[in-house]
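Only one structure is covered here, and it is reproduced in the block below.
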Amino acid sequence: MDSKISVKNLDMAYGGYVVMEGISFDVQRGEVFLIIGRSGCGKSTLLKYLLGLKHAGNGKIFYDGVDANELINGDDFYGRKIGVLYQGGALWSSMTLAENVALPLETYTDLSSREIKELVDLKLALVGLKNFEDFYPAQISGGMKKRAGLARAMALDPEILFFDEPSAGLDPVSARRLDDLILELKDGLGITIIAVTHELASIFAIGTRAMYLDVETKTATAIGAPKELLASSRDKNVVAFLSRGTKTPALTSEERRMLLNNPTEFD
Ligand SMILES: Nc1ncnc2c1ncn2[C@@H]1O[C@H](COP(=O)(O)OP(=O)(O)O)[C@@H](O)[C@H]1O
Ligand SMILES: [Mg+2]
């Protein structure tokens, strides 16, 4: 098997509040695996489990075949092998871009300050931010913040990169640019990428495969190449999602009644 990550029968919950049940999937080495679904279905929650921030009660998560429960106590696995780009970029506002990118290198390596500077320059150049080393986050655009966050996530040459809503809040051109960058990282460096997104353009542009988390049934109802899911999934919710509602089957009388009683259910 060449699964980078393997998830078996994972239940997700906050205390007694169940978010998703019985989630199983494999992420192949070097693919862009998307977690998709409507707001509140549990996408960010699944990232928390994958990142070891929430612990799987039922179910198992394996990285390269190793049980994640053994990694949590292990040698900095999550800090060193995994890079994360959070929604807002999550840069430290009191530090320059160079200082932000240097932080993981200072934390996890014993490289000299000269070596760190060279690596920082390299990572910032990789994301198109050469010459912005000394800028503070407040001085750059939203798209540039995301790219700086990506440079920081890449600092330690991670094997896996996680993105939570990479294009959220970006204008279409910046969003497209970030998508291209994600594909370059996959193709050029062979990084395995897991991204949460509900941006349709991104889903079709970057997704090798996507898994749809269905908020109604609290299960993963579809998994496959986005175009194939749109063309031939039998799940009406995933088809509606991927077609922005244009391929939604006509509402049943029961659904019409629900809609009239509770309009926000169908926002
Ligand atoms: N810290 C938390 N405590 C309790 N419930 C939460 C918490 N975070 C999220 N939730 C709930 O879990 C569900 C899934 O949330 P989330 O994973 O953030 O959804 P998504 O990222 O798909 O929009 C939602 O119903 C949300 O209200
Ligand atoms: Mg979320």
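Note that our numbering has the sequence shown beginning at 9, numbered continuously upward. Positions of the beta carbon are idealized from the N, C-alpha and C atoms, including for glycine.
Please list, in chain order, all residues of the same chain as V40 whose beta carbon is under 6 Å from its beta carbon, the five residues on each side excluded. Translated into positions along the sequence shown, residue 40 becomes position 32. So the list reads K194, I201, I214, G215, T216, once near-sequence residues are dropped.
List the endpoints of the continuous alpha helix (DSSP H) containing T115. What you label residue 115 is simply residue 107 of the sequence shown in a count that begins at 1. Note, T115: alpha helix (DSSP H), 105-116.
Determine, using beta carbons only, whether L191 and A159 come nearer to each other than 8 Å. In the sequence shown, residue 191 corresponds to position 183, counting from 1. In the sequence shown, residue 159 corresponds to position 151, counting from 1. Cβ atoms of L191 and A159: not closer than 8 Å.
Indicate, with yes or no, if ligand 1 has a heavy atom lying under 7 Å from the CB of T229. To locate residue 229, count along the sequence shown from 1; it is residue 221. Checking the Cβ of T229 against ligand 1 gives no.
Comparing the CB of S52 with every heavy atom of ligand 2, is any distance shorter than 7 Å? For the purposes of this step, residue 52 is taken as residue 44 along the sequence shown, with counting starting at 1. Yes.
Hey, would you say the C-beta of Y94 is under 7 Å away from at least one heavy atom of ligand 4? Inclusion of ligand 4 in the displayed structure is not the case, the ligand content consisting of ligand 1 and ligand 2 alone.
At least three beta-carbon pairs within less than 8 Å, the region 26-35 to the region 227-247: yes
Which word fits Y22, buried or exposed, when buried means at least 16 other C-beta atoms lie within 10 angstroms of its C-beta? On the sequence shown, residue 22 is found 14 positions in, with the first residue counted as 1. Exposed, by the Cβ-count rule.
Between the Cα of D129 and those of T117, D142, D118, spot the shortest distance and give me the residue it belongs to. The count along the sequence shown starts at 1 and reaches residue 129 at position 121. Of T117, D142, D118, the residue nearest in Cα terms is D142.
Would the C-beta of V246 count as close to ligand 1, meaning under 7 Å from any of its heavy atoms? In the sequence shown, the residue the question calls residue 246 occupies position 238. Every heavy atom of ligand 1 is 7 Å or more from the Cβ of V246, so no.
From what residue to what residue does the alpha helix (DSSP H) around G91 run? Locating residue 91 in the sequence shown gives position 83, where the first residue counts as 1. Bounds of any alpha helix (DSSP H) do not take in G91; it lies within the beta strand (DSSP E) bounded by 90-93.
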